[in-house]
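Working notes, beginning with the structure itself.
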DNA sequence: ACCCAGGCGGGCG
DNA sequence: CGCCCGCATGGG
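Numbering (our numbering), first residue to last: 223 to 507.
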């Protein structure tokens, strides 16, 4: 078994895994070992963050693939000190950053992001995870050669496009089953998400909005966590609630106004600000 | 029992 | 446009 030791600062695996990003819905986190195991591109990757050190151990049967994947997935080349400087605009942001230092945005496969964020609408993390796991088990390809062959890959859109709505409901998708099936068909036969990589935020979002079941918030989540567009600012009920309290004197404020506020204040790094607002808002008692 | 969940499409004015 | 409603389902 091969491994690599990356030298990484300001990367907290626990916060990153727990903060309801796509990996939270299917990766397996071991808190004692502070290690994360997940399938990717036909391989199983394990990373272990050594506490009180700057070491990140990567283990896989294909190290060339794994090291590159981990670097990209966890945005390890982001200059966190610089980003913090951009988004630490006030006392609230300062405490959010201090509460979750090293919480990183992740960069995920666009189709993965599309599926899990459609599934996330009007749903809770526990159930999103249960349903995602169930879909992986039912439609994912088996990965051979590691971990007792227990881990399957995230299913390609084609597999989900071939599924029946009824079977997706059985996985726990509820009323979102229809959206997920339509999205899978659309992503398999109508648009090529891969070809959107490198396009601008506006064009990516506009294209994503053509998918039925993808609205403003989900499109921004995909732009941010599937395409790495850091200016995207997804506004869900937690972000809205938290921002109304912190920045709008507790008054109901339209999503449009909140989006304008965020864009003005955090600009090109609004997406990072959003993840800290979201997670700080969700976790405070 | 009752409330809530990383929203969305559709129908209405 | 903006507003309002229903939506499947399980966990707290």
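Note that beta-carbon positions come from the ideal geometry of N, C-alpha and C, so glycine has one too.
Here the structure is a predicted model, which is why all the values come from computation and not from measurement.
Close Cβ partners of residue i (< 8 Å) along its chain, the five nearest in sequence each way excluded
| i | result |
| --- | --- |
| residue 462 | 475, 477 and 480 |
Neighbourhood of residue i by C-beta, 7 Å cutoff - its chain only, sequence neighbours within 5 removed
| i | result |
| --- | --- |
| residue 367 | 283 |
| residue 409 | 333, 336, 379 and 415 |
| residue 306 | 319 |
| residue 422 | none |
| residue 407 | 383 |
| residue 364 | 371 and 374 |
| residue 296 | 233, 238, 326 and 328 |
| residue 355 | 248 |
| residue 361 | 377, 381, 382 and 385 |
| residue 304 | none |
Residue span of the beta strand (DSSP E) that contains residue i, given as start and end
| i | result |
| --- | --- |
| residue 260 | 257 to 262 |
| residue 329 | It is not in any beta strand (DSSP E) - residue 329 carries neither H nor E in the DSSP assignment. |
| residue 226 | 224 to 229 |
Neighbourhood of residue i by C-beta, 6 Å cutoff - its chain only, sequence neighbours within 5 removed
| i | result |
| --- | --- |
| residue 314 | 468 |
| residue 428 | none |
| residue 231 | 276 |
| residue 404 | 434 |
Residue i burial status per 10 Å Cβ neighbour count (16 or more: buried)
| i | result |
| --- | --- |
| residue 344 | exposed |
| residue 252 | exposed |
| residue 482 | exposed |
| residue 292 | buried |
| residue 471 | exposed |
| residue 254 | exposed |
| residue 386 | exposed |
| residue 489 | exposed |
| residue 425 | exposed |
| residue 452 | buried |
| residue 437 | exposed |
| residue 486 | exposed |
| residue 420 | exposed |
| residue 388 | exposed |
| residue 312 | exposed |
| residue 240 | buried |
Residue i: first and last residue of the uninterrupted alpha helix (DSSP H) it sits in
| i | result |
| --- | --- |
| residue 267 | Counting along the chain, residue 267 falls outside any alpha helix (DSSP H), though it belongs to the beta strand (DSSP E) covering 265 to 271. |
| residue 321 | 313 to 321 |
| residue 483 | 477 to 488 |
| residue 410 | Counting along the chain, residue 410 falls outside any alpha helix (DSSP H), and DSSP gives it neither H nor E. |
| residue 382 | 379 to 384 |
| residue 441 | 438 to 447 |
| residue 239 | 235 to 240 |
| residue 358 | 347 to 361 |
| residue 458 | Run containing residue 458: none; DSSP gives neither H nor E here. |
| residue 392 | 387 to 392 |
Where residue i falls: helix, strand or coil (DSSP)
| i | result |
| --- | --- |
| residue 298 | coil |
| residue 470 | coil |
| residue 251 | strand |
| residue 502 | helix |
| residue 419 | coil |
| residue 279 | strand |
| residue 374 | strand |
With a cut-off of 8 Å, do at least 3 Cβ pairs link the region 240 to 256 to the region 347 to 356? yes
Inspect the CB distances between the region 315 to 332 and the region 386 to 404 and report whether three or more fall short of 8 Å. no
Three CB pairs or more closer than 8 Å across the region 254 to 273 and the region 283 to 298: yes
Any 3 or more C-beta pairs closer than 8 Å across the region 445 to 455 and the region 270 to 279: The region 445 to 455 vs the region 270 to 279: no contact.
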